[in-house]
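Engineer: Numbering (this note's numbering), first residue to last: 109 to 259.
#1: Is it right to say residue 115 is buried, meaning 16 or more other beta carbons lie within 10 angstroms of its own, or is it exposed?
#2: Starting from the C-beta of residue 136, find all residues in its chain whose C-beta is less than 6 Å away, skip the five residues before and the five after it, and write them out in chain order.
#3: By the 10 Å Cβ neighbour count, where 16 or more other Cβ atoms means buried, how is residue 343 classified, buried or exposed?
#4: Can you tell me whether DSSP reads residue 141 as helix, strand or coil?
#5: Between residue 220 and residue 229, how many whole angstroms is the CB-CB distance? I'm expecting something under 8 Å.
#6: Using the DSSP secondary-structure output, state which residues sit across from residue 232 in a beta bridge.
#7: Apart from the five residues just before and just after residue 130, which ones in its own chain have a Cβ nearer than 7 Å to its Cβ?
#8: By DSSP, does residue 221 sit in helix, in strand, or in coil?
#9: For the segment 188–198 against the segment 159–168, do three or more pairs of beta-carbon atoms, one drawn from each stretch, fall closer than 8 Å, so that the two count as touching?
#10: Applying the 10 Å Cβ sphere with the 16-neighbour rule, what's the burial state of residue 255?
#11: Taking only three categories from DSSP, how would you classify residue 215?
#12: To the nearest whole angstrom, what separates the beta carbons of residue 172 and residue 211, a pair I think is in contact under 8 Å?
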């Protein structure tokens, strides 16, 4: 009985370990510049806290690769890296709520300024969800009208 009480106490003390999170991604067009929008949803009843830098759009967030071409001929676009300090604020996502954030793709991949959307640019992304089990979510989006967010 004492073990059960300890487990319940730990579960209440660390609700983020039991959070049921989901992640979706799509492309938005902000004044002619493509951005990758992530939406992180908390499907659980309890609130979930995460460091802002660990969000998909944060400095320690998603892995993103841009690829131009097709399965036979193509290449990964060169990524530009910027030095940023991590933001140490905690963000809370309440139960059955969601938050969203964007990544400016042209800031990461300056070559996108020279590549038209119809040239077949794929954006691959992967993100490890926080929490006890830490499942990885991933996907690929084509920079065209079909991958754009539904308004």
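Just so you know, even glycine gets a beta-carbon here, dropped at the ideal spot from N, CA and C.
Every value quoted in this text rests on a predicted model; they were computed, and no experiment measured them.
Structural biologist: Looking at the atomic coordinates:
#1: Note that residue 115 has pLDDT 38, beneath the 50 cutoff, so the model's placement of it is unreliable and the number below is only indicative. Classification of residue 115: exposed, given that the 10 Å Cβ count is below 16.
#2: 143, 145 and 257
#3: Residue 343 lies beyond the stretch modelled for the chain, which goes from 109 to 259, so this question has no answer here.
#4: strand
#5: 7 Å
#6: 173 and 248
#7: 149 and 151
#8: helix
#9: yes
#10: buried
#11: helix
#12: 7 Å
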